[in-house]
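Enquirer:
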Amino acid sequence: MAHYRSAGSVPPKRHTQHRTPEGGLYYEELMGEEGFSSDSSLLYHVSIPSAVVDVRVWDLPDLTLTPNHPLAPRHFSTHDLFDGQSSGVDAVTGRRLLLGNADVRLSYVVADAPSPLYRNAIGDECLYVESGRADVETLFGDLSVGEGDYVIVPRATTYRVLPSGGPVRIYAIEANSHIGPPKRFLSKYGQFLEHAPYCERDLRGPGEPRVVDGEDVDVYIKHRGPGPGGIAGTVHTYPQHPFDVVGWDGCLYPYVFNIADYEPITGRVHQPPPAHQVFEAQNFVICNFVPRKVDYHPLAIPVPYYHSNVDSDEVMFYCGGDYEARKGSGIGQGSISLHPGGHPHGPQPGAVERSIGAEFFDELAVMVDTFRPLELGEAARATDDGRYAYSWSGRRLERAEQPR
Numbered sequence: 023m024a025h026y027r028s029a030g031s032v033p034p035k036r037h038t039q040h041r042t043p044e045g046g047l048y049y050e051e052l053m054g055e056e057g058f059s060s061d062s063s064l065l066y067h068v069s070i071p072s073a074v075v076d077v078r079v080w081d082l083p084d085l086t087l088t089p090n091h092p093l094a095p096r097h098f099s100t101h102d103l104f105d106g107q108s109s110g111v112d113a114v115t116g117r118r119l120l121l122g123n124a125d126v127r128l129s130y131v132v133a134d135a136p137s138p139l140y141r142n143a144i145g146d147e148c149l150y151v152e153s154g155r156a157d158v159e160t161l162f163g164d165l166s167v168g169e170g171d172y173v174i175v176p177r178a179t180t181y182r183v184l185p186s187g188g189p190v191r192i193y194a195i196e197a198n199s200h201i202g203p204p205k206r207f208l209s210k211y212g213q214f215l216e217h218a219p220y221c222e223r224d225l226r227g228p229g230e231p232r233v234v235d236g237e238d239v240d241v242y243i244k245h246r247g248p249g250p251g252g253i254a255g256t257v258h259t260y261p262q263h264p265f266d267v268v269g270w271d272g273c274l275y276p277y278v279f280n281i282a283d284y285e286p287i288t289g290r291v292h293q294p295p296p297a298h299q300v301f302e303a304q305n306f307v308i309c310n311f312v313p314r315k316v317d318y319h320p321l322a323i324p325v326p327y328y329h330s331n332v333d334s335d336e337v338m339f340y341c342g343g344d345y346e347a348r349k350g351s352g353i354g355q356g357s358i359s360l361h362p363g364g365h366p367h368g369p370q371p372g373a374v375e376r377s378i379g380a381e382f383f384d385e386l387a388v389m390v391d392t393f394r395p396l397e398l399g400e401a402a403r404a405t406d407d408g409r410y411a412y413s414w415s416g417r418r419l420e421r422a423e424q425p426r
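Written out as structure tokens, the structure is:
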């Protein structure tokens, strides 16, 4: 995020002495992307940030993936995942994997307990808050988040999530790369351009950094390793609390953007999904469909035309409103649809006619389009309704058992 910020106490010149009130030196840490060649921030620590006193294995939740074979569009219900779940689930270790490939993993969690300190060393994270409130504490400072907030957490940022006032529902998008605004929204220097559907004023950065006391503090780290999908977990124990930053400055830090601040792009005829894009990463994009006026050509058909995703899988998370194109399919609040590449999809039967003459759609959804096939995680396998593929025809052929 190439939008410079400075918080707390930093020296006038980078890589120069920055002393404590007692005369000792603060420890400068560069957190930077692409090996000193892209966005970075400088953080000033009370203690040595690389000091650890213990390391041990973190046994990650089930991250196994199963191919979507035979190929089928699918419908999952995230709200069924935590029905009857006892309390004590946190937003890090409690995530359940829905879908994934070599570029991205999509998970869901209903958390009511504080998470451990956590660091994703594989890629950036985008946490979408479906409902509830939480404090996201980071070494840069704290973020207060609530319904409709996207929280962008850069790779290797130490943070934790503390639900406030009840459970918080989070749709977690974990990249193997960096997540940021689409390049077409930005000038060559990183400023939002006039045609962008949001701008710097809509972003909320962390509050002032603060020094937290603590000894022998655990940080849970997700990193490349020998587990499923090449992912492993390790716990590092630090002799002091890692939130010991007195100041930082730069262009790399966590931030929040609320979906209600997205200004939808509309036209006389139906606008394709790129008009709804909000973020991009390597080999996938994030779009959102928000309440908006719809197409105003006198013969317009407001719902999407049928389309084939020949280069991508499309995942839609339905998180509010009334999604006109999916009526009659069983999809509702908290549903996720998967429309895989190779299968044409579009409105449910009757939706096209019903939409004619509509002037406004009251719908809210977060879409992820990937450019490599997605496979099914344990949460998807547990909540697949088994019927969605047949919702356009209204029937399913019953095949006789084949002779062995």
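Residue numbering for the sequence shown follows my numbering, starting at 23 and increasing by one per position. Glycine included, every Cβ here is placed at the ideal spot set by N, Cα and C.
Suppose you measure from the CA of Pro-189 to the CA of Val-183; what does that come to, to the nearest Å?
Expert: 11 Å
Enquirer: For Gly-399 versus Leu-87, is the C-beta spacing smaller than 7 Å?
Expert: yes
Enquirer: What does Arg-127 pair with, by DSSP beta-bridge criteria?
Expert: Gly-122, Glu-196
Enquirer: In the stretch 336-393, which residue ranges form an unbroken beta strand (DSSP E) of at least 3 residues, counting only runs that do not cross its ends?
Expert: 357-361, 385-392
Enquirer: Count the other C-beta atoms from every protein chain shown that fall within 10 angstroms of the C-beta of Ala-194, then say buried if there are 16 or more, exposed otherwise.
Expert: buried
Enquirer: Please state the DSSP three-state secondary structure of Glu-159.
Expert: strand
Enquirer: For Pro-248, which residues in the same chain have their Cβ closer than 8 Å to its Cβ, ignoring the five residues on either side in sequence?
Expert: Ala-254
Enquirer: Quick one: what's His-309 bridged to in DSSP?
Expert: Residue identity check: residue 309 is Cys in the sequence provided, not His. According to DSSP, which records beta bridges pairwise, Cys-309 is partnered with Gln-299, Met-389.
Enquirer: If you draw a straight line from the C-alpha of Ser-60 to the C-alpha of Leu-208, how long is it?
Expert: 15 Å
Enquirer: Tell me the rounded alpha-carbon separation between Leu-321 and His-298.
Expert: 22 Å
Enquirer: Within 10 angstroms of the Cβ of Pro-366, are there 16 or more other Cβ atoms? Answer buried if so, exposed if not.
Expert: It counts as exposed.
Enquirer: Could you check how far apart the C-beta atoms of Val-69 and Ser-357 are, in whole angstroms? I think they sit under 8 Å.
Expert: This sequence places Ser at residue 69; Val is not what is there. With 8 Å as the limit, Ser-69 and Ser-357 do not qualify as a contact, their Cβ atoms being about 46 Å apart.
Enquirer: Which same chain residues end up closer than 7 Å to Ser-334 when comparing Cβ atoms and leaving out the 5 residues on each side of it in sequence?
Expert: Gly-363, Asp-391, Thr-392, Phe-393
Enquirer: Between which residues of its own chain and Glu-302 is the CB-CB distance below 8 Å, once the five residues before and five after are set aside?
Expert: Ile-201, Gly-202, Pro-203, Pro-204, Lys-205, Ile-308
Enquirer: Please report the residue range of the beta strand (DSSP E) in which Glu-51 lies.
Expert: 49-54
Enquirer: Counting only the same chain and skipping the five closest in sequence on each side, list residues whose C-beta sits under 8 Å from that of Ser-62.
Expert: The answer, listed in chain order, is Leu-52, Met-53, Gly-54, Glu-55, Gly-272, Cys-273, Leu-274.
Enquirer: State the start and end residues of the unbroken beta strand (DSSP E) segment that holds Ala-29.
Expert: 27-30
Enquirer: Residues bridged to Glu-285 by DSSP?
Expert: Beta-bridge pairing links Glu-285 to no other residue.
Enquirer: For Val-111, does the three-state DSSP call read helix, strand or coil?
Expert: coil
Enquirer: Which word fits Thr-42, buried or exposed, when buried means at least 16 other C-beta atoms lie within 10 angstroms of its C-beta?
Expert: exposed
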